[in-house]
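Chemist:
There are 2 protein chains.
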Amino acid sequence: MADSQNNWPTGMKRTKQRESVLFILEEAEKPLSALDICSKMDKSGDTAWLSTVYRILELFIKKGIVLKTNLMNSDMSVFELNRFKHKHYAVCMNCNKILTLENCPMERFIPKLEDEDFHVMGHNLEIFGFCKDCKAH
Amino acid sequence: MADSQNNWPTGMKRTKQRESVLFILEEAEKPLSALDICSKMDKSGDTAWLSTVYRILELFIKKGIVLKTNLMNSDMSVFELNRFKHKHYAVCMNCNKILTLENCPMERFIPKLEDEDFHVMGHNLEIFGFCKDCKAH
DNA sequence: GGGTTAAATGCGAATAAGATGCATTTACAA
DNA sequence: TTGTAAATGCATCTTATTCGCATTTAACCC
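Chains A and B are the protein sequences, given in the same order.
Using the numbering used here, the letters of the first sequence map in sequence onto residues 1 to 137.
Using the numbering used here, the letters of the second sequence map in sequence onto residues 1001 to 1137.
1. What does residue 121 of chain A reach in chain B if we use C-beta pairs closer than 8 Å?
2. Any beta carbon of chain A sitting closer than 8 Å to that of residue 1010 of chain B?
3. Can you give me the start and stop residues for the beta strand (DSSP E) that residue 90 of chain A sits inside?
4. Below 8 Å on the Cβ atoms is my contact criterion, and I expect residue 1088 of chain B with residue 1050 of chain B to pass it. Report the Cβ-Cβ distance as a whole number of Å.
5. For the segment 1105-1119 of chain B, enumerate the residues whose C-beta is nearer than 9 Å to any C-beta of chain A, in chain order.
6. List the residues that DSSP assigns as beta-bridge partners of residue 1069 of chain B.
7. Could you work out which residues of chain A lie near residue 1028 of chain B, taking near to mean beta carbons separated by less than 8 Å?
8. Please determine, among B:1042, B:1084 and B:1115, the residue with the shortest C-alpha to C-alpha distance to residue 1016 of chain B.
9. So, for residue 1033 of chain B: in the same chain, excluding its five sequence neighbours on each side, which residues have a beta-carbon less than 8 Å away from its beta-carbon?
10. Below 8 Å on the Cβ atoms is my contact criterion, and I expect residue 99 of chain A with residue 1114 of chain B to pass it. Report the Cβ-Cβ distance as a whole number of Å.
11. How many whole angstroms separate the CB atoms of residue 1119 of chain B and residue 135 of chain A, which I take to be in contact at a CB cut-off of 8 Å?
12. In angstroms, rounded to a whole number, what distance separates the CA positions of residue 55 of chain A and residue 29 of chain A?
13. Just to check my reading of the structure: residue 66 of chain A and residue 25 of chain A have Cβ atoms closer than 8 Å, yes? What is that Cβ distance to the nearest angstrom?
14. Which two residues bound the contiguous beta strand (DSSP E) that contains residue 100 of chain A?
15. Which first and last residues belong to the alpha helix (DSSP H) in which residue 1041 of chain B is found?
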């Protein structure tokens, strides 16, 4: 099961379900919803209850292994492996395709705030528009 | 009732509830949730059902009068008057205070995407961190 | 390897934001 | 003033996510 086979993060029990979630996230190129993950598990034979998947994801987030995002004000969160590199997405307003943004405008940006003592920890950014397939209606 | 008294957007019936929602949004300095708006209406005597508030907000959004945002991956949307100027926020990770960001890094930014035909329509950005009151725990 | 136990999962039920359906009410045009 | 399409009150539904508890399981000890 890829990398996770030999490399298990410390401080958590190694269960079939956790291995399966981690494997799916390792293979995924784009963020997945909890339901996506659950379906993929079903297909591969490692079935797990949706609530279990949420609990596993919650744990992975706490451990810093996984990142949670909400794209386009959607009410469904998506999850991806924390690959420890800065990342943003562009989302197609028509087909919801997710594209990786390869640069970041925040690199050399100094935020101007009313509260000049605000201690910036990070930022969320997403671009929206129409992908090449949806541009021509 | 401030500006909205004499200046009613065209193409929609002028009802007590709609006037009240618009008034509240005009007075508000920061985005409000549907529930916030509903509570403020209760206090002022113009009670309305929460589902009505949602319907009014939906209409205002469609008319371009109101903007909807989700801050910090929260499952609750917030709404503000569309003042037709570009706007982003900084949110305190501790007290959830919302601060207005007065500049925008996207002004002179050219996004790099795998799909070089992506037609950018806009972007969402938020900064998170700790405000001056929460910085010193 | 077998037993012990704290932690994880299965499963159902609870939450909470938001949407929907329908009967009643209301704004507004004729 | 009256007719009517549209808006609201109200209840109920939906959907993502969380919680509670009984059962199962990983991992440590012998």
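Note that the Cβ used here is the ideal one computed from N, Cα and C, for glycine as well.
None of the values given here were measured: they were computed from a predicted structure.
Modeler: On the basis of the coordinates in this document:
1. Here residue 121 of chain A is taken as the residue at index 121 of the first sequence, counted from 1. Residues of chain B passing the Cβ test: 1093, 1128, 1129 and 1130.
2. The count along the second sequence starts at 1 and reaches residue 1010 of chain B at position 10. Chain A contact via Cβ: absent.
3. Walking along the first sequence from the start, residue 90 of chain A turns up at place 90. Residue 90 of chain A -> beta strand (DSSP E) spans 88-92.
4. Locating residue 1088 of chain B in the second sequence gives position 88, counting from the first residue. Locating residue 1050 of chain B in the second sequence gives position 50, counting from the first residue. 28 Å between Cβ atoms; not a contact.
5. 1105, 1106, 1107, 1108, 1109, 1110, 1111, 1112, 1113, 1114, 1115, 1116, 1117, 1118 and 1119
6. Within the second sequence, the letter at position 69 stands for residue 1069 of chain B. DSSP output for residue 1069 of chain B lists B:1078 as bridge partner(s).
7. Reading the second sequence from its first residue, position 28 is the one you call residue 1028 of chain B. Chain A residues near residue 1028 of chain B: none, gap ~16 Å exceeds 8 Å.
8. Looking up residue 1016 of chain B in the second sequence gives position 16. Comparing Cα-Cα distances from residue 1016 of chain B to each of B:1042, B:1084 and B:1115, the minimum goes to B:1042.
9. In the second sequence, the residue the question calls residue 1033 of chain B occupies position 33. Closer than 8 Å at Cβ, skipping near neighbours: 1076, 1077, 1078 and 1079.
10. Here residue 99 of chain A corresponds to residue number 99 of the first sequence, with the count starting at 1. Here residue 1114 of chain B corresponds to residue number 114 of the second sequence, with the count starting at 1. About 6 Å; that satisfies the 8 Å criterion.
11. Translated into the one-based positions of the second sequence, residue 1119 of chain B becomes position 119. Translated into the one-based positions of the first sequence, residue 135 of chain A becomes position 135. About 5 Å; that satisfies the 8 Å criterion.
12. Within the first sequence, numbered from 1, the residue matching residue 55 of chain A stands at position 55. Within the first sequence, numbered from 1, the residue matching residue 29 of chain A stands at position 29. The alpha-carbon atoms of residue 55 of chain A and residue 29 of chain A are separated by roughly 22 Å.
13. Within the first sequence, the letter at position 66 stands for residue 66 of chain A. Within the first sequence, the letter at position 25 stands for residue 25 of chain A. The pair is a contact, with the Cβ atoms about 7 Å apart (cut-off 8 Å).
14. For this step, residue 100 of chain A is matched to residue 100 along the first sequence. Segment 98-101, the beta strand (DSSP E) holding residue 100 of chain A.
15. Position 41 of the second sequence, counting from 1, holds the residue named residue 1041 of chain B. From DSSP, the alpha helix (DSSP H) with residue 1041 of chain B extends over 1034-1044.
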